[in-house]
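Have a look at the structure below, then the notes.
In the numbering used here, the protein residues as written are 46 to 302.
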């Protein structure tokens, strides 16, 4: 959904966890759509490759380092983006980690870190950015959930966090809609990323065999790629999606309930 015209081109987006995988693909796509993009990751240096790709294609981007679960770092990051790129009016909460284990083996630290990044991080980022959206009378929030929100063995922490993001999304839609702000969630299915490679390794599976097995169970008969998610986010942050809010879109190659 290509953005065109001076109004759209002046808009600023923040994508968290954008150094690689889904976040990097989304940052590149939004830049191609005409947004100036803040590429936020835990370490600023890790975001350099995504920024370079955007700039090489003629876009504007800024690498920003921050722990999304730290309120002070989030505030500093958002203030920097507003100063150097402009007030952000699009936020894609993509930053995430996994610490998979069966419930009886899961440590307090495993639980706390996943909730810290996914839920607390999305809350802090959204709270900081929404004021710019409200001031502009226009905004788009997209939270990255997962099909794991429906339950997944060995992921009690991740599943709970991703399900929580769906409730968070729907509440944002209710609270912020009157200010011209929409909020939606994208729930990817099996996507080929470093994170899913780590899952295969945890299970002791050969990567190619694991991908083939997962793809065989998907109705469209292939694994997803980060660009599949980026295309969906692109639509949800567009002008044309202004009447779509509070929705969870499963991008999984088939139906999910």
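A virtual CB, placed ideally from N, CA and C, is assigned to each residue, including glycine.
These numbers come from a predicted model, not from an experiment.
- The beta carbon of residue 108 lies closer than 6 Å to those of 84, 89, 92, 93, 96 in the same chain, with the five residues before and after it left out.
- Runs of the alpha helix (DSSP H) lying entirely within the segment 142-181, each at least 4 residues long, are 153-160, 166-181 in chain order.
- The DSSP-derived three-state label of residue 263 is coil.
- Judged by DSSP secondary structure, residue 189 falls outside any alpha helix (DSSP H) and instead within the beta strand (DSSP E) spanning 184-189.
- Contact check for residue 240 and residue 66: beta-carbon distance about 7 Å, within the 8 Å limit, so the pair qualifies.
- Counting the other CB atoms within 10 Å of its CB gives residue 149 a total below 16, which places it among the exposed residues.
- Take residue 62, set aside five residues on each side of it, and the residues of its chain with a beta-carbon closer than 7 Å to its own are 68, 86, 139, 140, 141, in chain order.
- Each of 55, 134, 110, 280 was checked against the Cα of residue 71, and the nearest Cα belongs to 280.
- In the three-state reduction of the DSSP assignment, residue 91 falls in the helix class.
- With respect to the 8 Å criterion, residue 106 and residue 82 are classified as neighbours on the basis of their beta carbons.
- Judged by beta-carbon spacing, residue 188 lies within the 8 Å limit of residue 230, meaning their Cβ atoms are closer than that value.
- In this structure residue 214 does not touch residue 286 by the C-beta definition: roughly 14 Å separates them, more than the 8 Å allowed.
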